[in-house]
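With our numbering applied, the sequence shown closes on residue 523, and no number is skipped along the way.
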Amino acid sequence: MASRQLLTILLLASTLSLPAQLIIDAPADAPASTGEEWLAGTRGRLERLLNDPLLTTTQAAVMVYDLNAGQQVFAYNEQQRMWPAQSLQLVTAVSALDMLGADYGFHTSISYRGRIEGDILRGELYCVGGFDPTLTRDNLRAMADSIRRFGIRRIEGMVVADVSMKDTLSLGNGWCWDIPYERLTPLLVDRKNEFVGRLAREMLNCGIELDVTYAHGKLPQGCTEICRHRTPIGEVLKPMLKKADCLYAEAMFYQIAKANTMKEAKAADASRAIKRLVGRLGLDNTNYTFADGSGISLYSYVTAELMVRFLRHAADNQWMLNLLYPSLPIAGVDGTLRGRLTSRPCRGNVHAVAGGSPGVSTLTGYCRASNGHTLCFAIINQGLTQLGEAETFQDRVCQVLCR
121 MASRQLLTIL LLASTLSLPA QLIIDAPADA PASTGEEWLA GTRGRLERLL NDPLLTTTQA
181 AVMVYDLNAG QQVFAYNEQQ RMWPAQSLQL VTAVSALDML GADYGFHTSI SYRGRIEGDI
241 LRGELYCVGG FDPTLTRDNL RAMADSIRRF GIRRIEGMVV ADVSMKDTLS LGNGWCWDIP
301 YERLTPLLVD RKNEFVGRLA REMLNCGIEL DVTYAHGKLP QGCTEICRHR TPIGEVLKPM
361 LKKADCLYAE AMFYQIAKAN TMKEAKAADA SRAIKRLVGR LGLDNTNYTF ADGSGISLYS
421 YVTAELMVRF LRHAADNQWM LNLLYPSLPI AGVDGTLRGR LTSRPCRGNV HAVAGGSPGV
481 STLTGYCRAS NGHTLCFAII NQGLTQLGEA ETFQDRVCQV LCR
């Protein structure tokens, strides 16, 4: 069974002496208090946590799974459908890795159609977006320099923005209309819909004259590519999960969609693809909805059981875990968990995504238990008036698992 194998994860350098490996096989020096004794004690302590007064007025779901033993440790309301908040990004991440692979890249390209006479391009310059949320001014400057090195010193014609990678909806399904979310478009720079205008300025800055009009259109057949920028999936995955970055998550979500349609990508395409994966993992995919990839939507519903099943799927595939595990926030160290679980044994041990939206708080990830086993867990709280109360409950669950 793959989840019983030794899985080695090379983490990025940290200022703390954190373990460099996620080991699914229990070490030889594991404490003697393991097996049924540890299981019974852990279950008893978790059951006592359910007496928290918070749970008399709010809803909670908890599931914990032992990857070494291949068994469920604890479950409470694990099949109750609830809002996932940003923990949904783990589903998006695992789905993207499963469907796209470790070598996948986010692509943005510059092509032209027409003729080059001397150093003058008479025709159209196409900017083809692939929904890369990482692009910055430095990337645009490099693209402008590539156009100049291609031999073009003047453009007479049109500069065309090709945003046909996805549909024209700029917000996700079920997003609140009165919150100023970043717009979802395939051509971004510094997270803004300013790609073409800012590329034009960079071309002017590097000595390319422009006598052009601007338009939207789709790259036609017969164009010549001048340059292409590629961002590996891991460079999107890490900031997405460390910071619970919703724009990055939606960019990942639409990569899934595009890989599953020959037309412009829609949220429904990604949703259907993720549901197919849910079915492959042995769950009834009619029980879940995936309206977006970030967890912002009020229409997305998951269960603690589903979240744990996705974590298990990643742990069953070493290459997938090699990308996922270093991208997770580390308790007391970085990301959304920098200020939580700052004491041992949780500090540096819990690697999980925290989610929070009005009324909902979640925590989903991995930790090493006191018996040396590696656990995956999902905790969902909803119906909250104060998110801090749920975070305290979630932290207590982690303390039980790690101590």
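Here a beta-carbon is modelled for each residue, glycine too, at the ideal position from N, C-alpha and C.
Considering only their Cβ atoms, is the gap separating residue j from residue i smaller than 7 angstroms?
i: E329; j: M278; result: no
i: T423; j: R201; result: yes
i: V473; j: T462; result: no
i: L357; j: E302; result: no
i: G249; j: V283; result: yes
i: A205; j: G475; result: yes
i: I272; j: L241; result: yes
i: H493; j: N171; result: no
Kindly indicate which residue of the options has the alpha-carbon position closest to the one of residue i.
i: T305; options: T351, Q375, L426, S477; result: Q375
i: T351; options: V398, P253, N188, A390; result: P253
i: S391; options: E384, M382, Y408; result: Y408
i: S417; options: A264, Q209, L169, G250; result: Q209
i: S477; options: L507, A264, N469; result: L507
i: V332; options: I275, A385, A371; result: I275
i: M382; options: T344, M285, G342; result: M285
i: G342; options: L187, S231, I450, G161; result: S231
i: T295; options: E370, G337, N313, D436; result: Here residue 295 is Trp; the residue named in the question, Thr, does not match the sequence. Of E370, G337, N313, D436, the residue nearest in Cα terms is E370.
i: L361; options: A388, S414, L174; result: S414
i: T228; options: A281, T178, T177, E509; result: A281
i: K395; options: L169, N188, L175, V211; result: V211
i: A160; options: N491, D515, R516, A510; result: N491
i: R268; options: G317, G327, N313, F226; result: G327
i: N437; options: F373, M219, Q179; result: M219
i: V316; options: Y246, N380, F226; result: Y246
i: T505; options: N293, Q179, I299; result: Q179
i: K386; options: Y421, N293, R318; result: N293
i: L448; options: A388, G337, L403, A364; result: A364
i: Y445; options: R318, A435, G452; result: A435
i: F226; options: A489, H349, G455; result: H349
i: M372; options: S207, A213, E156; result: A213
i: L426; options: A451, L397, E157, P300; result: L397
Looking only at its own chain, which residues have a Cβ that is under 8 angstroms from the Cβ of residue i, when we skip the five neighbours before and after it?
i: Y185; result: Q191, Q192, V193, V428, L431, R432, L495, C496, F497
i: A538; result: Here the chain comprises residues numbered 121 to 523, so residue 538 is not present and cannot be evaluated.
i: A393; result: S215, M219, I376, A377, A379, N380
i: T344; result: S231, Y232, R233
i: E384; result: S284, M285, K286, D287
Give me, in chain order, the residues of the same chain whose beta-carbon lies closer than 7 angstroms to that of residue i; leave out the 5 immediate sequence neighbours on both sides.
i: P465; result: C522, R523
i: A181; result: Y196, N197, E198, Q200, M202, T423, A424, I500
i: C518; result: L461, C466, V470, C487
i: P340; result: R233
i: L401; result: R429, H433
i: A335; result: M278, V280
i: D310; result: T256, R257
i: E509; result: L174
Report all residues from its chain with a CB closer than 6 angstroms to the CB of residue i; omit the five preceding and five following residues, and keep chain order.
i: L166; result: F194, V520
i: Q125; result: The pLDDT assigned to Q125 is 41, lower than 50, so where the model puts this residue is not dependable, and the model offers no usable value.
i: L130; result: Caution applies to L130, whose pLDDT of 33 falls short of 50 and renders its modelled position unreliable; the model cannot decide the point.
i: V480; result: W203, A205, Q502
i: T512; result: none
i: C347; result: I230, M263, S266
i: D515; result: L461
i: A411; result: N293, G294, S417, Y419, S420
Between residue i and chain D, is any beta-carbon pair separated by less than 7 angstroms?
i: C366; result: Annotation note: the requested chain D is absent from the structure, which comprises a single protein chain.
Minimum length 4: unbroken alpha helix (DSSP H) runs contained in the segment 454-505: none
Below 8 angstroms, how does it come out for the segment 187-206 and the segment 498-512: are there three or more Cβ pairs, yes or no? yes
Quick test of the definition: if touching needs 3 or more C-beta pairs under 8 angstroms, does the segment 260-276 touch the segment 316-324? Judged by Cβ distances under 8 angstroms, the segment 260-276 makes contact with the segment 316-324, as three or more pairs qualify.
Determine, using beta-carbon pairs with one atom in the segment 229-240 and one in the segment 287-296, whether at least three such pairs fall under 8 angstroms. With the cut-off at 8 angstroms, the segment 229-240 and the segment 287-296 do not touch.
Extract the residue ranges of the beta strand (DSSP E) inside the segment 334-375, only unbroken runs of 3 or more that lie entirely within it. 344-352
So does the segment 393-409 actually touch the segment 157-173, counting three or more Cβ pairs closer than 8 angstroms? no
Residue ranges of each beta strand (DSSP E) within the segment 389-461, 3 or longer: none
With a floor of 4 residues, list each alpha helix (DSSP H) that falls wholly inside the segment 230-285, ordered by position along the chain. 257-269
Extract the residue ranges of the alpha helix (DSSP H) inside the segment 161-197, only unbroken runs of 4 or more that lie entirely within it. Segments of the alpha helix (DSSP H) lying fully in the segment 161-197: 174-177.
Would you mind listing the alpha helix (DSSP H) stretches within the segment 296-340 that are 4+ residues and don't spill past its ends, in chain order? 315-325
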